[in-house]
Every structure is written in structure tokens, then in C-alpha cells.
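Protein sequences, first through last, are from chains Y and F. Quick note on the working numbering: the first sequence kicks off at 7 and runs consecutively. Quick note on the working numbering: the second sequence kicks off at 63 and runs consecutively. For every residue, glycine included, the Cβ atom is placed at its ideal position computed from N, Cα and C. Computed from a predicted model, the values in this text were never measured in an experiment. A quick write-up on the structure given underneath.
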Amino acid sequence: MALAGGASIGTAALVAHGLSKRFKKKVALDKVDLTVPAGSVTALVGPNGAGKTTLIRVCMAFERPNAGGVEVDGVDPWKHRSEALRRVGYVPQTPAVYRGLSVEEHLSMARSLHSGFDADYARRRLDQLGIPLDQRADTLSGGQAAQLGLAVALGTRARILLLDEPLANLDPLARREFIQVLLDAVKSDGSTALLSSHIVTDVEDACDRLAILGGGKVRLDCPLEEARQTHRLTEADSPPPGATAVGSFLGKGGKTVMTLWRLAPGDDPGSAPNSGPGETSEAASLEDVVLGYLAAGRGIGLQLN
Amino acid sequence: MLTRIWLTYKQHRFETIAIALVCLGLAAAALIEAYRLNSMNVPLKCLESWQGAYMVGPGQPPLDAATQRCNDMAQAFSNIKTGTDAGLVRMLLAFAPLLVGIVFGAPIVAREIETGTAPLSWALSGSRRRWLFSKVLAGVLLIVPLMLVVGLAADVFEAAQYPDLNVYASYIDYVSRGAILVFWALAAFAGTFALGTLLGRTMPALIVALVVCFFVRGSWEAGMNHFVLRPFAVQTSLEQSANYTPDSWYNDISLYQTVYMDGKPWDGDVNAWWMEHQQVQVSATPDASGFVPGGGEPVYVDPATNKPLAPSQVPTYVNFVIPGAWYWNVVVLESGLLLLGSLFCGVIAFVWVDRRRPY
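What follows is the structure, encoded as C-alpha cells:
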């Protein structure tokens with residue numbers, strides 16, 4: 007069975023189907039269909055309030071969906087929470103550490119809460135980063151606290167890692183380190199990661215898949231490379247042949263309106279874009295792709311499709 | 063499990079240390095007060111005969127040296143017993159269990175939710191109830207032995223204050239001493255962590271718990287007497303009551319009085335009956351000043367025939383009491399009720415923790 011993004015159900019680590027979640031009148035997720043293939047590192051990108059955190063919280067059984075559902079490694083977390091959570095390592099939005107406990111005590115606690123927790127593995131990861139195990143967690147820097155959170159998540163040896171904007175409060179160096187540790191772990195363990203962020207450049211180099219969430223809906227869900235190759239950017243609003251307009255937004259400098267186009271599958275991106283005299287298209291960066299879809303989702307800029 | 067219990071203490075180290083210090087300090091204070099009273103070695107007869115500072119009236123002859131010494135000792139004993147130190151200890155003994163329970167119970171879940179550590183723990187532990195159980199167990203393991211120490215010290219203090227009393231057959235201060243303190247603390251603990259789980263905030267949980275716990279504690283004895291113990295009360299006749307020593311009055315919980323006639327409850331107007339049936343007996347002759355000192359035993363007569371009535375035909379006040387000998391039954395009953403309350407609150411917390419959001 008084919009799923010969104012070209013993944014098949016047999017290889018899906020995480021599937022959301024018709025997932026809706028409302029908070030009173032505010033719709034956080036609106037019939038979301040999303041598939042995260044096993045072994046992938048998927049970037050879940052969207053502005054603040056797009057529903058990224060809600061989606062991850064539903065996967066963690068912290069929120070109950072109003073309609074539809076999710077399956078984490080084939081298990082519905084709301085119905086079988088223990089079983090689902092055993093398959094998931096979770097890094098919350100803000101590094102949540104116990105102020106009075108040392109780093110080592112965090113690992114001890116994780117081991118006491120999670121039967122399969124590999125404290126040695128987590129300890130090695132922290133050792134590599136030079137984070138003293140006897141240091142109290144409330145004296146760690148933001149980056150170190152985030153690394154502790156990641157080490158705890160990795161120590162569960164879970165097949166799926168859900169990371170809820172872990173980079174948001176980190177400085178550039180700490181972000182890079184975090185991403186590197188994550189990538190090393192995913193590569194060596196063969197696990198799947200869903201990394202949410204509202205900063206595209208943070209996840210560009212780390213992920214092999216992109217899911218754009220805007221206004222509670224999935225705007226795009228495809229491999230990262232495909233997202234780059236099948237989108238072009240022009241200054242004008244006349245569509246290149248065979249291309250579908252996605253959305254328009256203000257370009258860099260805020261003077262020109264840029265339009266993002268999605269090429270028809272199979273089109274050669276090198277030949278497609280020129281549509282008229284003097285008009286040229288350029289390869290869209292990942293940020294452009296995200297901006298285009300978010301603009302379409304928000305209904306801002308020029309709505310061309 | 064042991065690791066989690068230990069880490070719970072570390073996580074709440076301020077509360078743990080504060081509670082341990084308060085309990086041990088209070089137990090020590092109660093024992094010191096008891097020692098001060100016991101070390102005076104006041105003979106029981108001095109305490110029994112001493113009637114306060116106004117024993118010698120104006121114009122009366124001075125007391126003999128032995129009686130004076132006896133009274134001085136009793137006075138000194140009374141000064142310690144009613145002094146500020148002992149009063150403070152008594153007050154703290156009444157409220158410490160509530161404070162201990164509230165202080166440890168409020169943050170146990172609520173702080174995790176406030177500081178954002180609940181998602182971390184709940185993500186690691188498949189079962190939130192198991193997570194909560196380990197934290198609650200840590201609280202119970204801390205509170206039970208400490209409050210037991212305080213309760214026993216309070217019993218020693220009580221026995222020192224009333225040397226002629228068996229503290230395990232008397233209801234004086236019985237809610238503020240002994241094993242029941244453990245159950246007060248557990249009830250306050252369970253109620254507060256349930257509130258913390260429901261509200262997800264430490265300070266509101268603490269404030270609501272303070273109000274509720276102090277209201278329950280304040281109205282506990284009246285409520286127990288009125289609703290729980292009343293059906294178990296046994297009757298004591300006025301004659302029996304008259305034989306009671308002052309201390310044996312303290313032993314019982316006197317619940318209510320009613321009037322009996324011919325061995326049955328009687329709801330007539332006693333005063334009107336007396337006015338009608340009582341015949342004043344003047345059994346003593348006037349003294350030098352013309353004062354008639356006493357009237358002797360009252361005699362009740364039938365106004366129609368003017369013949370004396372049999373004792374059973376005279377309205378008699380009957381006391382209904384919970385005898386002091388039932389001390390342990392009452393303590394077990396009230397402790398059981400507090401335990402039931404604790405379990406009820408615990409069930410609410412355990413159900414809610416599984417349903418609530420961790421933020």
C-alpha cells in the first residue's frame with residue numbers, strides 16, 4: 007500500500023492518518039496524513055503554531071486526537087501507551103532536567119523508569135561531549151542540557167526518536183553538535199528520527215526527508231532531494247510550462263514577490279522554468295520551498311493555484 | 063524502585079530535610095517537656111489536692127508546711143504544663159502532621175508538571191501510575207516512621223502532663239498524639255498530592271490543601287462525635303457519673319445527655335416537673351448569723367397524694383459516652399477513616415495522572 011511521500015506501510019515507522027486535534031475552537035491539526043519511513047531522518051518544519059508540537063505530543067500519548075490517529079511502529083499510542091512509548095525516544099521542546107540531580111542521576115532515573123535503558127551507551131555519548139557526569143543538571147549550559155536530553159532519549163535504544171524543536175534555544179555551535187550526535191546515533195543504530203523545527207537551515211543538512219506543516223495541515227511530505235529538485239523560483243507570476251504554482255512570498259530584501267513552482271513529476275528541472283522573454287527561474291532553496299508552502303497555507307502573498 | 067525512591071528524596075531534598083528536622087525537633091521538644099514534668103516527681107496526691115492559687119481564702123489559717131510544699135510543687139508542675147513551651151509543643155503536635163503531609167504532597171506531581179520534567183519521565187516510563195507509585199511510596203516511607211516517632215513522643219508528653227492517667231484509656235488530646243498522627247499526615251499527603259495532580263500547580267495545591275486540611279482537622283472531633291461515634295455511645299446514669307473522679311470524666315468522650323424516667327427516655331419538661339414534685343427539705347438549723355447552710359437530699363413527692371415517689375419515677379439525667387476503655391477501638395476506627403480518605407484521594411490521583419497532560 008502506497009502512502010504519502012512514496013513510503014510503503016511496511017516500512018513506515020510513524021503514520022498519521024486523518025489526524026485532527028482541536029483545542030477548544032483552535033484547530034491544531036486538521037486531517038493530517040503523514041508517513042515517516044523507517045530509517046529516515048525527517049524534518050518537520052513549520053512556523054510557530056503550525057501543529058508540530060501537537061503532532062509529536064499525540065505520538066507520545068500526551069494528547070488525545072479528536073479524529074484519526076497515529077501509529078508508532080504499528081502501535082496506537084493512545085490505546086497501547088506503554089507498548090508505543092517503549093519504541094520511542096523523546097526529546098522535549100525545552101531541555102527538561104531535574105535541577106537537584108546530577109547528570110549521572112538522570113541516567114539512573116532513566117534506567118529505573120525504562121527497563122531497556124542503556125545507561126552505558128548514554129554515558130559514552132556524554133563522555134564524548136565532555137559533559138561531567140557528576141555535574142548538577144541545573145549548572146549545565148543550554149547546549150549541555152539539550153545533549154543530556156538527547157543522551158537520555160538515545161539511551162532508550164528506541165527505534166524512533168521524536169525531537170520537539172530541540173534546537174530552538176541553542177547557539178549555532180551547540181546546534182551543530184546536537185545535530186552531529188543525533189546523526190551519528192541514527193546512523194549507527196539504524197533508528198528513525200522526526201525532528202521538528204521552525205528554522206529550516208537547522209535541519210537542512212541533517213535530514214533526508216521534509217514534511218512541511220502549516221495551519222494544522224501537511225503542505226508537503228517528500229524526500230528532501232525531491233523537494234529541492236522539483237521546485238523552482240521565479241519573480242513573475244506566469245507559470246512555467248507544466249509547473250504548478252505553490253505560493254508567493256516576498257523575496258530577500260522584501261522588494262520582489264517570488265513565486266514557488268512545483269514541476270510535474272518527471273520534468274527535467276534544468277529545462278523547465280523559462281516561460282517567457284526575460285523570465286528565468288532559479289533552483290529553489292529549501293527555505294524557499296518552505297516559504298512557498300507556508301505562504302500558500304496562510305493565504306498570504308499571491309495565491310496562484 | 064529503590065533508585066526512584068532515593069531520587070525522589072534528592073529531587074525534593076528541601077522538603078525531605080525540612081520534614082525530617084521538624085518531626086525530629088518536635089519529638090525532641092515533646093520529650094524534653096515530658097522530662098521537665100517527670101523530673102519534678104510531684105506526688106500524685108499533691109496534684110489531686112492542689113486546687114490552684116486560690117486555695118487559701120482570706121481569713122483562713124495558713125497551710126501547714128507539708129501541704130504548702132505539696133502545693134508549691136503542684137504549682138511549679140502546673141506552670142510548666144501551662145507554660146508557653148508546652149503550649150507551643152501541644153499546638154505543633156496538633157498541626158504538624160498536616161503540615162508534613164501538605165509540604166511533601168504538594169510538589170510531588172505538580173512541580174514536575176510546572177518545571178516540564180513530567181514529559182521526560184512519562185515518556186521514559188510506559189506506566190505513569192508506576193511512576194507515581196514510586197513517588198508516593200517515597201512519601202509514605204518518609205512520613206510513616208517520622209510521624210510514628212512524633213506520635214509516641216506525644217504520648218510520653220501526654221502521660222507526663224497527666225501522671226494519674228492511662229493515656230491509652232483516655233481521650234484527652236487523643237487526636238494529637240499516638241499512632242493516629244501517622245494517619246493524619248498520610249491523609250494530608252494523599253489529599254495534597256491528589257490536588258497537585260489535578261491542578262498541576264504547586265502553590266495553588268498547597269493553599270487549597272491548607273484550607274481543606276485545617277477545616278477538616280478543626281471540625282474532626284465534633285464531626286466524629288456527632289456522626290460516627292454517636293450510635294456506639296453507651297449510657298451512664300447520673301449516679302454512675304457522680305462516682306467519677308475528675309480524671310475519669312476526662313477519660314470518656316461525653317457525647318450527649320438525655321432524661322430517663324422509669325428506665326426509658328423521657329422528653330418532659332424537667333424544670334416544670336421539679337417545680338411540681340420537689341419538696342424542699344430543711345435539714346439543718348440556722349447558724350449564728352441566721353443562715354441555713356443546707357437543705358439535705360431533695361425529696362420528690364406526688365402532689366396529689368403527697369407521698370414520696372420511688373427513685374425510678376423521678377426523671378434522671380443519663381449520659382451517653384464512649385468509654386475510655388474503648389480508646390484503641392476509637393483510634394483504630396478514626397485511623398481507618400483517615401486511611402480510607404487517603405486511599406480515596408490516592409485513587410483520584412492515580413486515575414487522573416493517567417489522563418492528564420504532562421504540562
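Listed by chain order, chain F residues near residue i by CB distance under 8 Å
i, result
"Y:Ala116", "Leu186"
"Y:Glu111", "Leu69, Lys72"
"Y:Arg92", "Gly188"
Residue i, DSSP secondary structure in three states
i, result
"F:Glu110", "helix"
"Y:Lys32", "strand"
"Y:Val47", "strand"
"Y:Asp190", "helix"
"Y:Leu20", "strand"
"F:Gln341", "strand"
"Y:Val103", "coil"
"Y:Asn175", "coil"
"Y:Trp267", "strand"
"Y:Asp294", "helix"
"F:Gly178", "coil"
"F:Glu283", "helix"
"F:Met323", "strand"
"F:Cys132", "helix"
"Y:Glu89", "helix"
"Y:Gly74", "strand"
"Y:Val237", "According to the sequence provided, residue 237 of chain Y is His. The question's Val does not apply to it. It is a strand residue."
"F:Thr144", "coil"
"Y:Glu288", "strand"
"F:Tyr97", "helix"
Separation of residue j from residue i, as counted between CA atoms
i, j, result
"F:Thr298", "F:Ile315", "12 Å"
"Y:Glu232", "Y:Leu216", "9 Å"
"F:Trp335", "F:Pro377", "8 Å"
"F:Leu86", "F:Val212", "7 Å"
"F:Leu445", "F:Ile79", "Residue 445 of chain F falls outside the range modelled here, since chain F spans only 63 to 421, and no answer is possible."
"F:Thr259", "F:Ala172", "6 Å"
"F:Gly285", "F:Arg292", "10 Å"
"F:Val361", "F:Gln340", "6 Å"
"F:Ala221", "F:Glu338", "48 Å"
"Y:Ile166", "F:Glu77", "37 Å"
"Y:Ala164", "F:Leu186", "10 Å"
"Y:Pro172", "Y:Cys228", "22 Å"
"Y:Pro279", "Y:Val158", "Low confidence applies to Y:Pro279: its pLDDT is 46, below 50, so where it sits in the model is not reliable, and the reading given next is rough at best. The alpha-carbon atoms of Y:Pro279 and Y:Val158 are separated by roughly 47 Å."
"F:Leu400", "F:Trp246", "7 Å"
"Y:Asp140", "F:Arg191", "29 Å"
"F:Pro373", "F:Val363", "11 Å"
"F:Ile94", "F:Phe219", "8 Å"
"Y:Ala290", "Y:Pro247", "17 Å"
"F:Ala387", "F:Leu317", "15 Å"
"F:Arg131", "F:Gln223", "20 Å"
"Y:Glu110", "Y:Leu61", "31 Å"
"F:Thr179", "Y:Ala102", "5 Å"
"Y:Val78", "Y:Cys65", "7 Å"
"Y:Asp177", "Y:Phe184", "10 Å"
"Y:Lys193", "Y:Ala212", "11 Å"
"Y:Ala8", "Y:Leu200", "Low per-residue confidence applies at Y:Ala8: pLDDT is 42, beneath 50, and the placement is therefore not dependable enough to give any value."
Local Cβ density within 10 Å of residue i, reported as buried at 16 or more and exposed below that
i, result
"Y:Asp190", "exposed"
"Y:Gly196", "exposed"
"Y:Thr207", "exposed"
"Y:Lys31", "exposed"
"F:Thr254", "buried"
"F:Leu402", "exposed"
"Y:Ser14", "Per-residue confidence for Y:Ser14 stands at a pLDDT of 42, beneath the threshold of 50, marking its modelled position as unreliable; the derived number appears in the next sentence. It counts as exposed."
"F:His288", "exposed"
"F:Ala96", "buried"
Interface residues of chain F facing residue i [CB-CB closer than 7 Å]
i, result
"Y:Tyr104", "Gln73, Thr179"
"Y:Arg87", "Gly188"
"Y:Pro98", "Gly178, Pro181, Leu182"
"Y:Leu107", "Leu69, Lys72, Gln73"
Contacts that residue i makes with chain Y (C-beta to C-beta distance below 7 Å)
i, result
"F:Pro420", "Phe68"
Proximal residues of chain F, C-beta to C-beta of residue i below 9 Å
i, result
"Y:Arg142", "Residues of chain F passing the Cβ test: none, with the nearest at roughly 10 Å."
"Y:Tyr127", "Those within 9 Å of Y:Tyr127 in chain F number zero; the least Cβ separation is about 15 Å."
"Y:Thr162", "Ala185, Leu186"
beta-carbon residue i near the ligand FMN non-hydrogen atom, thresh 8 Å
i, result
"F:Ala231", "Looking at this structure, you won't find the ligand FMN or any other ligand, since it has none at all."
Cross-chain neighbours of residue i in chain Y, by beta carbon under 8 Å
i, result
"F:Ser140", "Simply none; closest approach about 48 Å."
Legend entry - Ranges of the alpha helix (DSSP H) found wholly within the segment 100 to 164 of chain Y, counting only runs of at least 4: 109 to 119, 125 to 134, 148 to 161
Inset, instruction - Could you name each continuous beta strand (DSSP E) segment of 3 residues or more that falls completely within the segment 186 to 231 of chain Y, going from the start of the chain to the end? - result: 198 to 203, 215 to 220, 223 to 229
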